[in-house]
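Per the numbering used here, residue 817 is the first one in the sequence shown, and the count goes up by one each step. Ideal Cβ placement from N, Cα and C applies to all residues, glycine included. Everything numeric in this text was worked out from a predicted model, so none of it was measured. Here's the structure, in structure tokens; my notes come after.
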Amino acid sequence: MGNTWVYEEKTFRADQQKELDAVFSLGNGYVGCRGFSEEEQGGLGRLGGIYMAGVFGRGKLKAWEGMHRELVNTPNCFSVKIRINGEPMLLRTGRISDYSRTLNMREGTLERSFTWNGLNGQKVRFRFERFVSMDDLHVSGQRIEVSPVNGNPDIEIAASIDADVTNLFVDTLLDRPVHPGLRHLKTVGVKSQIIEVKIESLPDGVIIAEGQEVSLKHRGSQIRGTDTNGESLISRSFKYKGIKGETAVLTKLIHVFTSRDGEIPPSKQVEKSMARKLEYSDLLNSHKSVWSGKWHSADIEIDGSDNDQRAMRFNIFQLIQACPSHDHRLSIGARGLTGEMHEGGIFWDTEIFKLPFFTLTDPAAAASLLRFRHGILPEARRHAKALWFQGAMYAWKSGLDGAEETEVGVGAYYAIHIISDISYAIRQYWEGTGDSDFMHKYGTEILIETARFWKSRAHYDPIRRNYSILAVRGPNEYGVIVNNNLYTNMMAAENLRYAIDAIGQMKKENPKAWSSLSQKIKFNAGEITEWKKIIGRIVICHDAKTDLYLEDDMYLHRVPFDMKRGKPTGKRVIDSTLPYEAMAMYQITKQSDVVCLMNLLPWKFTEKQRRIAYDYYEPRTAHDSSLSYSPHGVITARLGLLDDAYRYFKESAYLDITDLQLNTISGLHFANFGGTWQIAVMGFGGVHLENGRLVISPNLPKAWKKMSFRLACKGALLRICISKKSTEVTLEKSNGRPLELLVGKELLQFRLNGDVKTLKNNRK
Ligand code: BGC
817 MGNTWVYEEK TFRADQQKEL DAVFSLGNGY VGCRGFSEEE QGGLGRLGGI
867 YMAGVFGRGK LKAWEGMHRE LVNTPNCFSV KIRINGEPML LRTGRISDYS
917 RTLNMREGTL ERSFTWNGLN GQKVRFRFER FVSMDDLHVS GQRIEVSPVN
967 GNPDIEIAAS IDADVTNLFV DTLLDRPVHP GLRHLKTVGV KSQIIEVKIE
1017 SLPDGVIIAE GQEVSLKHRG SQIRGTDTNG ESLISRSFKY KGIKGETAVL
1067 TKLIHVFTSR DGEIPPSKQV EKSMARKLEY SDLLNSHKSV WSGKWHSADI
1117 EIDGSDNDQR AMRFNIFQLI QACPSHDHRL SIGARGLTGE MHEGGIFWDT
1167 EIFKLPFFTL TDPAAAASLL RFRHGILPEA RRHAKALWFQ GAMYAWKSGL
1217 DGAEETEVGV GAYYAIHIIS DISYAIRQYW EGTGDSDFMH KYGTEILIET
1267 ARFWKSRAHY DPIRRNYSIL AVRGPNEYGV IVNNNLYTNM MAAENLRYAI
1317 DAIGQMKKEN PKAWSSLSQK IKFNAGEITE WKKIIGRIVI CHDAKTDLYL
1367 EDDMYLHRVP FDMKRGKPTG KRVIDSTLPY EAMAMYQITK QSDVVCLMNL
1417 LPWKFTEKQR RIAYDYYEPR TAHDSSLSYS PHGVITARLG LLDDAYRYFK
1467 ESAYLDITDL QLNTISGLHF ANFGGTWQIA VMGFGGVHLE NGRLVISPNL
1517 PKAWKKMSFR LACKGALLRI CISKKSTEVT LEKSNGRPLE LLVGKELLQF
1567 RLNGDVKTLK NNRK
């Protein structure tokens, strides 16, 4: 039995620190901070890694359109230099004993403690604690305890905010940072304990202001500090005589604002925030209580494996702390705010992998993430028009304003499934929440504009007498460019259907809002007739002989791929062996494609068809993307292939903890975190939304005796407890309306309302 709320590193290994720094990240959606050692200076360690949502600089590559941007490594606000009898305290040089680094996921804190054995025989015990407030997004806290174990050493501590940092240079082939990258920051002002910097690499560069309040207490009294300002550094330092067995405590609050936060200049906002004279302990307590509320709705309790429980919580923890639900101008990048791979870009990862978690546990956060897509609708419209299409064409990789920021050469213009992925997430949100207001203000407009895009992108082929979508890149990026990718075609048809439904609903529920929307976007009723034609006649690649759904027009005709030759070391195919130019010849799938589709639209495929597809594609799938394990986990769990499903769960849940993709150093994999949640809830729990109803059809793996979790559905809160024998659903919070559920293998229909609060469905 271990504490399943903490993830702990017990041995210090200098060579693994950078990978682990990502794993030990803290954040609150506004700022994200890797778990680096505060006292480390120089080398890659200097780069620390503190990123802020929406704070980008000009990147080093060429983007398809507009500017290539990257997340900026912002000032290291936790920087500290410590000297004991004149010797620098560094983990790399001193001998360390009783070391531990602990991520407390329940409370959202990072702790490190160790005994440092200096070269001159001096021993000092240290304990570091920090947190990034979930309650007050602009404030973080740091606490350092220093306790001499022998002797009475001279101790010097300088706590700083250090803006002399650069980005990492991530080698895209290796997926790893190899040396320091661009320097984005220029100091524009330094005054007592406040520093202001500008992102110099952009003409309209964001301004960041940071201030620190630092104090040091020893033997009951405050030690006087000395303030110094450097060109890109503010510091407060203390000197005192340590005493064996006595603990000195340094506390520091960091206040941060940017020019994105409103009209008031950021340094004024910092001054105002500092003037509140907050107490470290009060701030920590309010932070913990916000976390406690978050866990109440999002935790999944697993009875049967402590390791799985801990890993599950790690995935949920990271998802929650990456979400910028305070600001609908933002979404979650592929690596969140934990690293620089993919430069903070936003992909389908958000809508298909992360959104289900937010829709069903924190609908307000889900709405905010979807509003981001509404905000960039003008750019998506412009994009469509520039390429001779209609409606809205969302970028494959969006930065802040929605421009296509994928690097040239990656084939961004073909990965258009992103467009219906966004529509799918909107539809799921609507089904899960019943939030008509959202639909009337934002959702319906997106559905119509994306439907218009598909109308212009699908083309009627008079020879085949149906509609094709040619030259696309499906989720399987190793197909390079294909015709009639099944995923793209079926999801496009869904998108058209969702638009028709949403229009019907809006006309009924809010005719006034519909009339102004339809005028604004010049909607004409004939459009629906056209959409219906495409829905009815779009190419669906399917082999009638074997009942196998085909990834695209040519998949069966390609050359079989020798996976052993392609992945001799288990490393990524694209990196190590197969030349990109040759890839399109082979039957090789980078990541789940048909399998992913079958999970999204389970009602469209029989159990037998899903099994045939899984058996066929699995041996042809390289799992070269972190987005591959979870769809395989969900499909196998739903098919009752529980050993396979459990294996995928392990791969997904422990992916970053074990550095399975060999690139955790460049940031954590947030789509995979959402995917892990999906294997548990949508795979083992068998949960999905269909026609506005929640379906729960569980299948627990052998290793788990019970699993329980909460779901928010249509304004109600449900607690679902699944054992091998029964499924129990309790209505913990109701909005007065009855809720319809389908539960169990036999899909029994239930209505939960004020009278019936708990139902128990025993397995046969
Ligand atoms: C995957 C994409 C994914 C992107 C960002 C790529 O390697 O193939 O599906 O969207 O990474 O996570």
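Through-space distance from residue j to residue i, alpha-carbon basis
i, j, result
"V1086", "A1025", "7 Å"
"W1330", "S1214", "29 Å"
"P1291", "Y1314", "21 Å"
"N844", "H1504", "28 Å"
"V871", "R1076", "8 Å"
"A1453", "L1100", "40 Å"
"G861", "K1324", "Confidence at G861 is low in this model, with a pLDDT of 48, below 50, so its placement is unreliable and the value that follows should be read with caution. Computed Cα separation, rounded: 59 Å."
"V800", "H995", "Coverage of the chain is limited to positions 817 through 1580, which leaves residue 800 absent and any answer about it impossible."
"F1130", "I1279", "53 Å"
"H1071", "S1051", "14 Å"
"L836", "G1155", "12 Å"
"L1547", "G1382", "51 Å"
"K1170", "G1499", "15 Å"
"T1356", "H1275", "The question names Thr, but residue 1356 is Ile in the sequence shown. Rounded to whole angstroms, I1356 to H1275 spans 14 Å at the Cα level."
"A1196", "Q1206", "10 Å"
"V1497", "M1379", "31 Å"
Range covered by the beta strand (DSSP E) that runs through residue i
i, result
"A1219", "Where A1219 is concerned, there is no enclosing beta strand (DSSP E), given that its DSSP letter is neither H nor E."
"R1509", "1509-1512"
"W932", "925-933"
"Q1477", "Run containing Q1477: none; DSSP gives neither H nor E here."
"D914", "911-920"
"M868", "866-868"
"A1064", "1064-1074"
"F942", "939-948"
Any non-hydrogen atom of the ligand FMN closer than 8 Å to residue i Cβ
i, result
"W880", "Among the ligands in the structure shown, the ligand FMN does not appear; only the ligand BGC can be found there."
Neighbour-count burial assignment, residue i, 16 or more Cβ in a 10 Å radius
i, result
"R1035", "exposed"
"Q814", "Outside the shown range of the chain, which is 817 to 1580, sits residue 814, and nothing can be said about it."
"G858", "Residue placement at G858 is poorly supported in this model, since its pLDDT is 47, which falls under 50; the coordinates still yield a value, given next. Under this definition G858 is an exposed residue."
"W1212", "buried"
"E1423", "exposed"
"I792", "As shown, the chain starts at 817 and ends at 1580. That puts residue 792 outside it, with no answer to give."
"M1401", "exposed"
"H1358", "exposed"
"G902", "exposed"
"W1419", "exposed"
Range of the contiguous alpha helix (DSSP H) that encloses residue i
i, result
"K1521", "Per DSSP, K1521 belongs to no alpha helix (DSSP H) and is neither H nor E."
"I1586", "No information on residue 1586 is available, as it lies outside the stretch 817 to 1580 that the chain covers here."
"S963", "Segment 955-964 is the beta strand (DSSP E) holding S963; no alpha helix (DSSP H) there."
"I1428", "1423-1433"
"L1458", "1458-1469"
"T1345", "1342-1353"
"K1088", "1082-1091"
"M1307", "1302-1325"
"T1175", "1171-1177"
"M1399", "1396-1399"
"G873", "Segment 872-874 is the beta strand (DSSP E) holding G873; no alpha helix (DSSP H) there."
Identity of the residues DSSP links to residue i by a beta bridge
i, result
"G1109", "The partner list for G1109 (beta bridge, DSSP) is empty, contrary to what the question assumes."
"R899", "P904, E972"
"C1529", "A1532"
"C1537", "S1524, E1544"
"D978", "N892, L1049"
"L984", "P996"
"D1582", "Residue numbering for the chain in the displayed model covers 817 to 1580; residue 1582 lies beyond these limits and cannot be assessed."
"D1043", "R1052"
"I1162", "S1214"
"C849", "L842, I866"
"T1003", "V1013"
Discussion item. With three or more beta-carbon pairs closer than 8 Å as the criterion, would you say the region 1105-1112 touches the region 959-972?
Written reply: no
Fill in: Meets three-Cβ-pair contact criterion under 8 Å: the region 913-927 and the region 888-901
no
Worksheet item: Are there three or more Cβ pairs, one per stretch, closer than 8 Å when the region 1136-1155 is compared with the region 1479-1486?
Response: yes
Discussion item. Check whether the region 944-960 and the region 1060-1071 touch, using three or more Cβ-Cβ pairs below 8 Å as the test.
Written reply: yes
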